[in-house]
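Participant: A single structure is presented below for examination.
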Amino acid sequence: MTQCLPAVGPAARRPTRQAKVVWGDTVVRVGGDAPVVVQSMTNTDTADAIATAIQVKELALAGSEIVRITVNTPEAAQAIVAIREQLDRMGVSVPLCGDFHFNGHKLLTQFPECAQALSKYRINPGNMGGGKRRDDNFAQMIEVACRHNKPVRIGVNWGSLDQELLARMMDENQQRAVPLDAQAVMRDALVVSAISNAERAQQLGLPGDAIVLSCKVSHVQDLIAVYRDLSARCDYPLHLGLTEAGMGTKGVVASTAALAVLLQEGIGDTIRISLTPEPGGDRCREVVVAQEILQTMGLRAFTPMVIACPGCGRTTSTVFQELADDIQRYLREQMPVWRTQYPGVESMNVAVMGCVVNGPGESRHADIGISLPGTGEVPAAPVYVDGVRTVTLKGDRIAEEFQVIVQNYIEK
Ligand code: SF4
1 MTQCLPAVGP AARRPTRQAK VVWGDTVVRV GGDAPVVVQS MTNTDTADAI
51 ATAIQVKELA LAGSEIVRIT VNTPEAAQAI VAIREQLDRM GVSVPLCGDF
101 HFNGHKLLTQ FPECAQALSK YRINPGNMGG GKRRDDNFAQ MIEVACRHNK
151 PVRIGVNWGS LDQELLARMM DENQQRAVPL DAQAVMRDAL VVSAISNAER
201 AQQLGLPGDA IVLSCKVSHV QDLIAVYRDL SARCDYPLHL GLTEAGMGTK
251 GVVASTAALA VLLQEGIGDT IRISLTPEPG GDRCREVVVA QEILQTMGLR
301 AFTPMVIACP GCGRTTSTVF QELADDIQRY LREQMPVWRT QYPGVESMNV
351 AVMGCVVNGP GESRHADIGI SLPGTGEVPA APVYVDGVRT VTLKGDRIAE
401 EFQVIVQNYI EK
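Below, the structure written as structure tokens:
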């Protein structure tokens with residue numbers, strides 16, 4: 001009797017509308033049947049147009065498909081046009097999203113060139129003032145978006161939640177027979193804020209397919225609960241991200257833990273990994289982490305993956321770790337060129353293994369693999385191409401010779 005096994009893989013993506021983020025001929029689709037989009041954010045002073053354009057270029061080359069920029073002062077708003085011109089001169093067509101808080105209504109109105117040079121606006125309804133002032137400021141920003149035909153992300157944040165809304169919902173909660181705990185009311189308030197502001201934006205004339213929503217919080221379980229609720233209550237595309245995820249491995253692990261659960265459930269149309277950069281750290285790391293989450297989950301492919309064993313007492317040298325690291329770096333560096341020259345190369349797997357225990361097996365499963373000699377083994381490294389053992393490398397130039405084999409494989 002055959003046994004039915006559960007299907008393996010992420011759930012079907014949640015059906016959503018599709019927003020288009022456009023610059024020139026570059027159209028990034030968010031939601032609907034589009035792949036999950038990777039985005040990132042600069043941390044330069046936006047008023048420094050050259051430094052910001054350089055960082056945008058780096059993020060775009062690393063694979064960021066939309067780059068968000070803080071627009072917080074008149075100087076920053078004025079610099080947006082210069083940044084866009086610099087990028088266009090450098091041949092970088094990545095769409096820019098302006099990140100507005102507090103004074104976005106003024107900046108977008110006073111600097112129409114900035115409003116036009118941006119491809120998308122991020123609006124935080126929690127920090128536009130209160131009462132009628134908030135309503136007017138929000139309406140002003142939506143009116144600019146409609147005039148320039150730009151999509152908007154309504155980005156609600158735990159740290160800047162609309163206090164009037166929260167107070168009202170807390171009061172209503174007290175009227176319940178069994179009040180919810182305060183954390184649950186806050187989660188609900190985030191979702192209500194995002195959806196009610198999206199509906200208001202539509203009433204003001206913004207098309208429903210020009211709206212993306214986010215509800216960011218800094219704790220994994222809260223984020224999962226909020227996005228499950230949000231996705232059940234609307235069909236706008238969703239921007240996922242754990243805000244203030246933190247530094248180093250903590251930020252990577254927390255973001256991955258939260259986003260992987262949601263993506264597995266088909267929730268999420270664009271992601272940003274908010275890592276606190278270490279001093280002198282590489283801003284592009286957040287792009288690499290975002291890509292690796294999507295690729296390891298089988299949702300997208302960006303760069304050939306290197307499968308490497310962790311090493312153990314059977315390896316007394318670090319040759320194989322260095323080789324794995326070198327190969328991964330080399331493949332990543334080549335991707336901006338290879339992506340256009342060798343379509344499909346991003347789906348390739350390369351195995352670099354430390355000894356005969358799992359080396360030959362993993363190497364056969366990869367497109368190309370090498371099983372380096374462990375302690376006490378014959379000093380020879382068999383290479384497998386498309387599952388077939390092709391050559392055995394020996395001597396002290398194994399790493400260099402294997403890199404050449406990888407290169408030749410990709411070029412052919
Ligand atoms: Fe250790 Fe060999 Fe396994 Fe690598 S493949 S972890 S070296 S036993």
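One point on numbering: in UniProt numbering, the residue at position 290 of the sequence shown is 290, and numbering is uninterrupted. We put the CB at the ideal spot given by N, CA and C, even for glycine. From a predicted model like this one, the values you see are computed outputs, not experimental measurements.
(1) Could you round the C-beta distance between residue 308 and residue 352 to whole angstroms and report it? I think they count as a contact, below 8 Å.
(2) Starting from residue 478, follow the alpha helix (DSSP H) in both directions and report where the run begins and ends.
(3) What is the DSSP secondary structure of residue 348, counted as helix, strand or coil?
(4) With a cut-off of 6 Å, give the chain-ordered residues whose Cβ is closer than this to any heavy atom of the ligand SF4.
(5) Just the C-alpha distance for residue 219 and residue 394, rounded to the nearest angstrom, thanks.
(6) Is residue 124 closer than 8 Å to residue 93 when the C-beta atoms are compared?
(7) Whose C-beta lies closer than 7 Å to the C-beta of residue 327 among residues of the same chain, with five residues either side of it excluded?
(8) Just to check my reading of the structure: residue 346 and residue 290 have Cβ atoms closer than 8 Å, yes? What is that Cβ distance to the nearest angstrom?
(9) Here's the rule I'm using: 16 or more other beta-carbon atoms within 10 Å means buried, otherwise exposed. How should residue 167 be labelled?
(10) So the beta strand (DSSP E) residue 157 belongs to, where does it begin and stop?
(11) Compute the distance between the beta-carbons of residue 211 and residue 154, then report whether it is under 8 Å.
(12) For the ligand PLP, is there any heavy atom lying closer than 7 Å to the beta carbon of residue 52?
(13) Could you tell me the distance, in whole angstroms, from the CA atom of residue 186 to the CA atom of residue 51?
(14) Could you tell me the distance, in whole angstroms, from the CA atom of residue 172 to the CA atom of residue 236?
(15) For a test of the three-state rule: what should DSSP assign to residue 100, helix, strand or coil?
(16) Mapping DSSP to helix, strand and coil, what is residue 51?
(17) Is the distance from the Cβ of residue 66 to the Cβ of residue 22 below 8 Å?
(18) Which ranges does the alpha helix (DSSP H) cover as unbroken runs of at least 4 residues, wholly within the UniProt domain "IspG C-terminal" (306-407), from first to last along the chain?
(19) Helix, strand or coil: which one does DSSP assign to residue 13?
(20) Distance, Cα to Cα, residue 321 vs residue 391?
(21) Contact check, residue 53 vs residue 96 under 8 Å by CB: the rounded distance?
(22) Pop quiz: residue 111 and residue 78 are said to be a contact at Cβ under 8 Å. What is the actual Cβ separation, rounded to whole angstroms?
(23) Which of the three DSSP states, helix, strand or coil, is assigned to residue 217?
Facilitator: The relevant details are as follows:
(1) 5 Å
(2) In this structure the chain extends from 1 to 412, so residue 478 is not present and cannot be described.
(3) coil
(4) 309, 310, 311, 312, 314, 315, 353, 354, 355, 357, 358, 359, 374
(5) 50 Å
(6) no
(7) 306, 350, 352, 403, 406
(8) Contact doesn't hold; Cβ gap of about 15 Å is too wide.
(9) exposed
(10) 152-157
(11) yes
(12) The ligand PLP is absent from the structure shown, which contains only the ligand SF4.
(13) 38 Å
(14) 27 Å
(15) strand
(16) helix
(17) no
(18) 319-341, 359-365
(19) coil
(20) 21 Å
(21) With 8 Å as the limit, residue 53 and residue 96 do not qualify as a contact, their Cβ atoms being about 10 Å apart.
(22) 6 Å
(23) coil
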